[in-house]
Structure formats: C-alpha cells, structure tokens
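**Q** As given, the protein sequences belong to chains A and B, one line each in that order.
Under this note's numbering, the first residue of the first sequence is numbered 91, with each subsequent residue one higher.
Under this note's numbering, the first residue of the second sequence is numbered 191, with each subsequent residue one higher.
Beta carbons are placed, not taken as given, at the ideal position from N, Cα and C, and that holds for glycine.
Here it is, the structure, as structure tokens.
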Amino acid sequence: MDTFVLLAQGLAGAMEPMNLLYALIGVTIGTAVGVLPGIGPALTVALLLPVTYRLDPGGSLIMFAGIYYGGMYGGSTTSILLNTPGESASIITALEGNKMARAGRGGPALATAAIGSFVAGLLATLALAFVAPWVVRFALSLGPADYFALMVLAFVTVSAALGDSALRGLTALFIGLALATVGIDLQTGQARMTFGIPDLLDGIEVTTLAVALFAVGETLKMAASPSAGAEKIEAVKGSVWMSREDWKRSWKPWLRGTLIGFPIGSMPAGGADVASFLSYSAERSFARHPEEFGNGAIEGVAGPEAANNASAAGTLVPLLTLGLPTTATAAIILAAFQQFGLQPGPLLFANNAELVWSLIASLLVANLMLIVLNLPMIGLWVRLLTIPRHWLYAGILSFATLGTIGANPSVFELGLLLAFGLLGYGLRRFDYPIAPVVVGLILGPLAEQQLRRALAIAQGDPVILVSSPVALVLYGIAIVAVLVPLILRLRGRGKVLAQLASDED
Amino acid sequence: MRILLTAAFIGAMAVPAAADYTIMAPAAPGGGWDQTARTMQAVLRDEGIAESVQVVNVPGAGGTIGLAQFVNQARSNPEQLIVGGYVMVGAIETNNSPVNLEMVTPIARLTGEQLAVVVPAASEIETMDNLVARLRENPGAVAWAGGSAGGADHILAGLIAQAADVDPTLINYIAFSGGGEALAAILGGQVTAGISGYSEFASQVEAGELRVLALSGEEPVEGVDAPTLRDAGLDVALENWRMVLAGPDLTEEQVAAITADMEAMATSDSWQEALAARGWVDRFLTGEELEQQLAEDIAATQAILRDIGLVQ
Chain A
91 MDTFVLLAQG LAGAMEPMNL LYALIGVTIG TAVGVLPGIG PALTVALLLP
141 VTYRLDPGGS LIMFAGIYYG GMYGGSTTSI LLNTPGESAS IITALEGNKM
191 ARAGRGGPAL ATAAIGSFVA GLLATLALAF VAPWVVRFAL SLGPADYFAL
241 MVLAFVTVSA ALGDSALRGL TALFIGLALA TVGIDLQTGQ ARMTFGIPDL
291 LDGIEVTTLA VALFAVGETL KMAASPSAGA EKIEAVKGSV WMSREDWKRS
341 WKPWLRGTLI GFPIGSMPAG GADVASFLSY SAERSFARHP EEFGNGAIEG
391 VAGPEAANNA SAAGTLVPLL TLGLPTTATA AIILAAFQQF GLQPGPLLFA
441 NNAELVWSLI ASLLVANLML IVLNLPMIGL WVRLLTIPRH WLYAGILSFA
491 TLGTIGANPS VFELGLLLAF GLLGYGLRRF DYPIAPVVVG LILGPLAEQQ
541 LRRALAIAQG DPVILVSSPV ALVLYGIAIV AVLVPLILRL RGRGKVLAQL
591 ASDED
Chain B
191 MRILLTAAFI GAMAVPAAAD YTIMAPAAPG GGWDQTARTM QAVLRDEGIA
241 ESVQVVNVPG AGGTIGLAQF VNQARSNPEQ LIVGGYVMVG AIETNNSPVN
291 LEMVTPIARL TGEQLAVVVP AASEIETMDN LVARLRENPG AVAWAGGSAG
341 GADHILAGLI AQAADVDPTL INYIAFSGGG EALAAILGGQ VTAGISGYSE
391 FASQVEAGEL RVLALSGEEP VEGVDAPTLR DAGLDVALEN WRMVLAGPDL
441 TEEQVAAITA DMEAMATSDS WQEALAARGW VDRFLTGEEL EQQLAEDIAA
491 TQAILRDIGL VQ
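The following block contains the structure:
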C-alpha cells in the first residue's frame, strides 16, 4: 500500500537529527506552556512564528506540531494535581483526576492520562495518515442541524452523568447557559447582557470561569472551614505506578476515548472539549463501578484524556486536507504554512508530499518523546501535594490569578475571577455540582448558533432539525441515554444510581 | 504577562525587553490583524528599521476592545502602534463603541484584499447573473455564509443586494465564527453562496472544489478566472484593507518619524515578498489622501450598516 511507503519515507525524514531536535524543542516548550495556565499553544506558536521566518519550513512545522501535542499533555497535570484546568479540554480531567490525587492516587492518575494520551495520539495520528480523506468527506457533509443534534446529545448525557439531583444539576447547567448569553451575538452583531461594559462584549472566558469555580471556590471553602478539612490529602498512597487493576480499567477507556475524540476533532465545528464531555459520559455509563465516579474513578481520567489528544490529531485532518483551521492553534499553524508559501488544502498532499509525510511521521516521534519525558516526571509532580495545605492553597490561588491575568491582562478579568470564585464557594456550600456550569458556558453558544443557523438556512422550517440521518441517529442515542438509567432504576438498581450522585468536584 | 512568561520559556529566542515599537493586534493570534502585526514585526526587525518590536494581542469585539485600551495607553507615546482596518470601522458602528478612529492617529493604509463570492463546484449557479436572479426571485432562499455579522463579508452581501435592487434587510446572511467554519459550510453545500477574502478560498478554487462567481475589487486578479462585480453588472466595489495607527496627541515630528519608518517598511523587498506569500495587495497610502479615504469609507460603511438594519 502506497500510504505505508510514504509514511516510512516520512519516518526516515523525521529521524534526521535536526528534525528530532526540532521535535524535542517543540514538545518541551509545549509541555511547559501546557502546565502554566494562561499561556496556550496558540500564543506560543504565534510568538515563535517570526523567529522561524528564516528557518527550514519542515523543521519549523515539526516544532509547532510538537508544541500542539505537548500542550495537550501538559494541560492535564495541573488539572489533576491542583484542580486548575488551564484549558477547556482538560476541565473534565479535573473532576476524577483531582479526586484521585487527593486520595494519594495522583501517580496512577497522571500515568493513565499520559499513557492514554500516548495511545490516543498514536492511533489518531495513524488514522490521520490512513483515513483522513474519508473522514473529511463525512465531516463536511454535516450541517448546522447535525451539529445541533450533537450538542443536544452532549447536554443530555453530561447533565445525566453529573450530579445526583436532577434539579441541582439543571440549576447549575442553567447558570452556565445564562452566563453564555453574555457578549456580542454572532448572528446579528448586537451586544447582549453586557450592561455597557466593554470587557463583557466578548463574553465570559471559559478558563476564567473554570479556574474560578474549581480552584478559587475550593480555596475559599478551605479557608472558611479549616477544621472541616477532615479529608486529608495524601501525596502518595500505594504505588506511584499504575497497578494491574488500573491497567485493566484504563485500556478500554483509552480506546473508546480515541474513537470518540478523533472524529469529533475532525469536524469543523467539533472540538476537544465536546469530545472530552462525551467520553466522560460514555465511561460513566460503561463503568463496572459507576459508584466510584465522583470519587476518583480512573476511567474518568483515562477516557477524556485520550479523547482530547485524539481530537488534537483529528483537528489536523481538516487543516491538512482542506486548509480548514478549526482551533486557534490550527489557525496559527495554517498561518505558518502560508508564511512558508505552502497552501494547506486538497493539493498539499500532491504538491508537498514529502513535507506532509515527515510532519505526520514526526507527530508519531513527538508522541513517543512526550511519554518518555513525562512518565519519569510523575514522581516529581506528585510531591507537589506534600506541600502543607495552607501553603498549597495559597500557591494555587496565586497560580490561578497569574494565569488569568496572563491570558487576559485586565483588572476586570481579575474581578470576574474573584466573583466567580465566590459563586463557586456558594455552589459548594449548598451542594450544587460545579461542572455543569462550565459545560453550559461552553456548549450554550455552540448549540444556540447552530440552531439559529439551521433555522435560518431553512427559512424557519423546523423540519430541517430532524431531516438528516446523522441528526436522527444522534437524537436516538440521546433518548437511549435518558431512558436506560430510568429503566435501570425501575429494575431496582436505583441505589447504585443514587450513589452516583456524590459531588463530583 | 503572558508574553513575559512565554518569553522566559523561549529564552534566547524571545524578543528583547527594550522595544522601539509595540504593535497591538486587536485580535486573537492567527487572524488577519495578528498576521499583519507579526509580518510588520519581522520586516521592521530584518530591515533594521527598528531595533526590537513586540506584538501584543488584545482580542475582542471586532478590535474595539483593543482600540479602547490603546487610546488610553498610547497617548503621546510614539512607540505604540495598533493594527486596524475595514472590519474595525464596521465594528465601531455596530457595537456602539465609546472609542473611534478619530481618537487615534492614522499612519498608513498597508494592505488590501479582495473578497470573493463563491459557490460549491456542484452548484447549479454558474455566474453572478444566476445568483442575482435567484436573489430577486426570493431573497430569503439565498443563504450567504461569511464571517461575523456587520463585518466586511456581511456588508458586501448587503451591497450586492442593494445593487441588484433587492431590499438588503431581506438577505439571509448566516454568520460563522472565524477560521474555516464558513468554508466548511460552503464546501458541504449547506449554504447557497459564500463570501470571504479570496486567499481563504484560493486552494479550494485551484483544486476545483469551489467556483468563483465574482471578485469585489476595482480590477480583476491575475490568474483568477472571475469578473469583478462591476464587470458582472453590479455597481459594487469593496476591498478589505488593513492599516496601522498610532496613539492620540502626538507631535507632528513624531507622526512624521513613524510614517517614514512605515514607508521604509512597505517599500522593502521582504515586505513585498510577505505580501505575495499571503495574497495581499500593496495599498500603501498616507497623509491627507489616507484621511480622505478613511472618511469616505466610514461614511459609506455607516450608510450600508443602516440599510442592512444592523445600526439604527
């Protein structure tokens, strides 16, 4: 098969010492910016662009791809250990990951995230090499109505999967949806809910809300009731390594996460966050021990982490085959291609085959480097948790603040961080789940825009929403996801489900 | 802060701390303004016009958030520049922005880019006439895909409708957020036609996936098999231009010095090479001509936004 030969040639290219060096620089920088909140891979690549102006295009692109993959890796570390997700794709990882870390299982959590990312990155990169043309054809056939159905599925499964009380879960979700209406409306260009404040014109930043609710809210809770901190944080209990049981419980979520993440990442309106939400819901429904969800279930880390890395590789499908950037980082990598006079798109594989294949091959190499770099670091990272608690939380607070100002240097943003921190404290104090608020803020605008686009294209005819087979299949899955728990409850397994309810933050 | 931190990581490769110019790109990394700012950065440094140049991104609301910040920060500071353009003119109107271009000092218009009207290759619409006929028949049945509401793409759709004697408030414009989302909807046949900068469509056009019905500029583009809108019988011409501006309250000498630097940049070979690579046209214009042009564009934009119904 031709693809094998091309990939082998690409690997030979990627193994050239200079290219290996570029990949190493890329993954190192990527991991570092992934760990630091506020600096994403997008900005890093943008900063490096003018520097690489005179460098060889292949090497620069390999470095940028390394940064992209590395950023995806690094993001999970702070999520798991400090409960401060640096980007929207690692929010879900914080749910189970941080619970595991506090129970002394930070090592296995980081390991399953790293190995899951490796497995997903490997499989998804191979998928990129072999099935990209077909995937992209399918992705293009999806219209706004199909995307709306996907959002409905995400809403239904995520709200069903998070929290015990439907009322509390929905309340939290609607707080998020309400926050999502703030900002300029894309379809009309009019400002909504901004109260004349210019800083609100662009809406509420997801990472500000997530960091505030997770990290600041929790710090406030600790400060408010220091004696109630009965739950002792243990840095390491048992092995830093994954046990045989951990492996057994992780490998299927890795594969399922990859299967969910890759296609969603390659959809022009998909995204790593949506993929990680869906993977989390799927793991929860497949789990042998669903009662562990919310208390540190390893599946809840393995699946979403695999999904968000697979989705990063998926993003490269439309970028390389169509020249369609679907994330900020992809947009900058596109700019990098153009800087070197290369036009990603249908002709790139034909005109610059050598470059494309050494790029794909170097993604495999970068992936391997990441796991080699990251696994030995785990023992070091988990020591963070041995820091006495008041110092640790003080550190988390400054880290969160620094990240927010870093991402958006304004006093107003800092005010938002503190206000949402208070909201997070209130939600915790009264036992409302936190995650649905963030989910609402992320999915709300996506769902709204797609619904309005679908209806506008059909000139107001609602039949368009159910007139495509893909949309119907997605609604079907959503209905099953709602009905199955109901049936289970009727069959007397209600107790298990009630336990699921435990707070997931 | 973000820049400092990243710079610390990138170590030796990072920009030095002292700057001759700080260029604000009032948009997220990756977009047209960001690319303009970063190309300026590379050329100003390579040509030795400025010792060091930093780019700062302040995204949001069509550039008006960055502009508001810039008006305060850059007062009487000849080292601060901001990139802006046609889209900012529209955004100032639709967002009812408290700051506008009269509060800063326009230095030079730099680049222009023609917009293209395209349909998927499989579409029955072969020419601009076909599209106009459909528009006249039922304006709502023609779904246009493009960038955010009130931007250059939307304005062009409105102008086309007006020129075809169709009420511009009736056009069915579907806004997509930046990047490739609009392109995906056009390629997937979800909409009737699409509008965006020609360079965004170029590779799809070459591959035969998209058909260009018309270009929006005054002159046809070499190598593109499509008429201008004027040649297609619609009295419309629009170019998405980008410019560089400086802060308020500068002295005449300071303005002259910045203008001279920009002129040196825009006439350099590496600038011209960069323009060619990105598919931008050189539209360098300064001084009184620039002011006149800017005033005309602002008045025309206000008028069309009112006609489309986006501004009261």
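Answer with yes or no whether the minimum CB distance from B/GLN380 to chain A is below 8 Å.
**A** So, interface residue.
**Q** Tell me whether A/PRO552 is buried or exposed, calling it buried when 16 or more other Cβ atoms sit within 10 Å of its Cβ.
**A** The residue is exposed, with fewer than 16 neighbouring Cβ atoms inside 10 Å.
**Q** Answer with yes or no whether the minimum CB distance from A/LEU555 to chain B is below 8 Å.
**A** A/LEU555 does not count as touching chain B.
**Q** Using a Cβ cut-off of 8 Å (strictly closer), state whether B/PRO249 contacts chain A.
**A** Taking Cβ atoms only, chain A reaches closer than 8 Å to B/PRO249, which makes this a yes.
**Q** Please go through the same chain and pick out, in chain order, the residues whose beta-carbon is closer than 6 Å to the beta-carbon of A/ALA290, but skip the five residues on each side of it.
**A** One point to set straight first is that residue 290 of chain A is Leu, not Ala, in the sequence displayed. Here the set comprises VAL272, THR284.
**Q** Which residue wins for smallest C-alpha separation from B/ARG235, given the options B/PRO296, B/ASP451, B/MET214?
**A** If we check each option's Cα against that of B/ARG235, B/ASP451 comes out closest.
**Q** Between the alpha carbons of B/ALA372 and A/THR416, how many angstroms are there, rounded?
**A** Roughly 11 Å between the two C-alpha positions.
**Q** Please report the straight-line C-alpha distance between B/ALA436 and B/TYR388, rounded to a whole angstrom.
**A** Whole-angstrom Cα-Cα distance: 29 Å.
**Q** Can you round the beta-carbon distance between A/GLN433 and A/GLY404 to whole angstroms, since I take them to be within the 8 Å contact cut?
**A** The Cβ separation is near 21 Å, so there is no contact.
**Q** In whole angstroms, give me the CA-to-CA distance for A/LEU438 and B/GLY378.
**A** Cα to Cα, A/LEU438 sits roughly 20 Å from B/GLY378.
**Q** What three-state label does DSSP hand A/GLU335 in the structure shown?
**A** Helix.
**Q** Does B/SER266 pass the burial test, meaning 16 or more other C-beta atoms within 10 Å, or should it be called exposed?
**A** Answer is exposed; the Cβ neighbour count stays below 16.
**Q** Look at the alpha carbon of B/SER367 and the alpha carbon of A/ALA418, and state the distance between them as a whole number of angstroms.
**A** Those two C-alpha atoms are separated by around 11 Å.
**Q** Applying the criterion that 16 or more other CB atoms from any shown protein chain within 10 Å of the CB defines a buried residue, is B/THR418 buried or exposed?
**A** With 16 or more Cβ atoms within 10 Å of its Cβ, B/THR418 is classed as buried.
**Q** Excluding sequence positions up to five away, which residues of its chain have a Cβ less than 7 Å from the Cβ of A/ASN173?
**A** So the list reads ALA184, ASN188, PHE304, ALA305, GLU308, once near-sequence residues are dropped.
**Q** Going by Cα to Cα distance, which pick from A/THR494, A/ILE274, A/ARG339 is closest to A/PRO175?
**A** Closest by alpha carbon: A/THR494.
**Q** Should A/ASP292 be labelled buried (16 or more other beta-carbon atoms within 10 Å of its own) or exposed?
**A** Buried, since its Cβ has 16 or more Cβ neighbours within 10 Å.
**Q** Determine the burial state of A/HIS379: buried for a count of at least 16 other Cβ atoms within 10 Å of its Cβ, exposed for fewer.
**A** A/HIS379 is exposed by the Cβ-count criterion.
**Q** Please check if any C-beta of chain A sits within less than 8 Å of the C-beta of B/LEU349.
**A** No, B/LEU349 lies away from the interface with chain A (no Cβ there is under 8 Å from its Cβ).
**Q** Can you tell me whether B/ARG326 is helix, strand or coil according to DSSP?
**A** B/ARG326 falls in the helix class under three-state DSSP.
**Q** If contacts are defined as beta-carbon pairs under 8 Å, then B/GLY275 and B/ARG432 qualify, I think. What distance do you get, rounded to the angstrom?
**A** Rounded, the Cβ-Cβ distance is 4 Å, consistent with contact.
**Q** Do A/GLY197 and A/TRP331 have their CB atoms nearer than 8 Å?
**A** Yes, Cβ-Cβ distance for A/GLY197 and A/TRP331 is below 8 Å.
**Q** Would a check of beta-carbon distances place A/PRO234 closer than 8 Å to chain B?
**A** Chain B contact via Cβ: present.
**Q** Taking only beta-carbon positions, decide if B/LEU428 is within less than 8 Å of chain A.
**A** Not an interface residue.
**Q** Using a cut-off of 7 Å between C-beta atoms, extract the partners of A/THR543 located in chain B.
**A** Before going on, a small fix: residue 543 of chain A reads as Arg here, not Thr. Ordered by position in chain B, the residues that pass the 7 Å Cβ test against A/ARG543 are ILE364.
**Q** Taking a Cβ distance cut-off of 8 Å, strictly less, list which residues of the segment 120-154 of chain A are near chain B, in chain order.
**A** Against chain B - using a Cβ distance shorter than 8 Å - the residues of the segment 120-154 of chain A are ALA122, VAL123, LEU126, GLY128, ILE129, ALA132, LEU133, THR134, VAL135, ALA136, LEU137, LEU138, LEU139, PRO140, VAL141, TYR143.
**Q** Considering B/ALA264, what are the terminal residues of the alpha helix (DSSP H) in which it resides?
**A** No alpha helix (DSSP H) holds B/ALA264; DSSP gives it neither H nor E.
**Q** So, for A/ASN457: in the same chain, excluding its five sequence neighbours on each side, which residues have a beta-carbon less than 7 Å away from its beta-carbon?
**A** TYR159, PHE208, GLY211, LEU212, THR215, listed in sequence order.
**Q** How many whole angstroms separate the CB atoms of B/VAL277 and B/GLY341, which I take to be in contact at a CB cut-off of 8 Å?
**A** At roughly 5 Å, the Cβ-Cβ gap stays under 8 Å, so B/VAL277 and B/GLY341 are in contact.
**Q** Mind pulling the chain B residues with CB within less than 8 Å of A/ALA571?
**A** The premise fails here: A/ALA571 is roughly 27 Å from chain B at the closest Cβ pair, so nothing lies under 8 Å.
**Q** Closer than 8 Å, CB to CB, is B/PRO216 near chain A or not?
**A** No, its Cβ sits nowhere closer than 8 Å to a Cβ of chain A.
**Q** Entirely within the segment 445-511 of chain A and at least 4 residues each: give me those alpha helix (DSSP H) ranges in chain order.
**A** Segments of the alpha helix (DSSP H) lying fully in the segment 445-511 of chain A: 468-472, 479-497.
**Q** So, using beta-carbon positions, are A/GLY347 and A/GLY206 closer together than 8 Å?
**A** Yes.
**Q** Anything in chain B within Cβ reach of A/ASP92, meaning under 8 Å, just list it in chain order.
**A** Neighbours of A/ASP92 on chain B: none; closest Cβ ~20 Å, over 8 Å.
**Q** What would DSSP say about A/ARG518, mapped onto helix, strand or coil?
**A** Helix, per DSSP.
**Q** Since B/ASN285 meets chain A, which of its residues come closer than 9 Å, beta carbon to beta carbon?
**A** Those within 9 Å of B/ASN285 in chain A are ILE274, GLY279, GLN280, ALA281, PRO288, LEU291.
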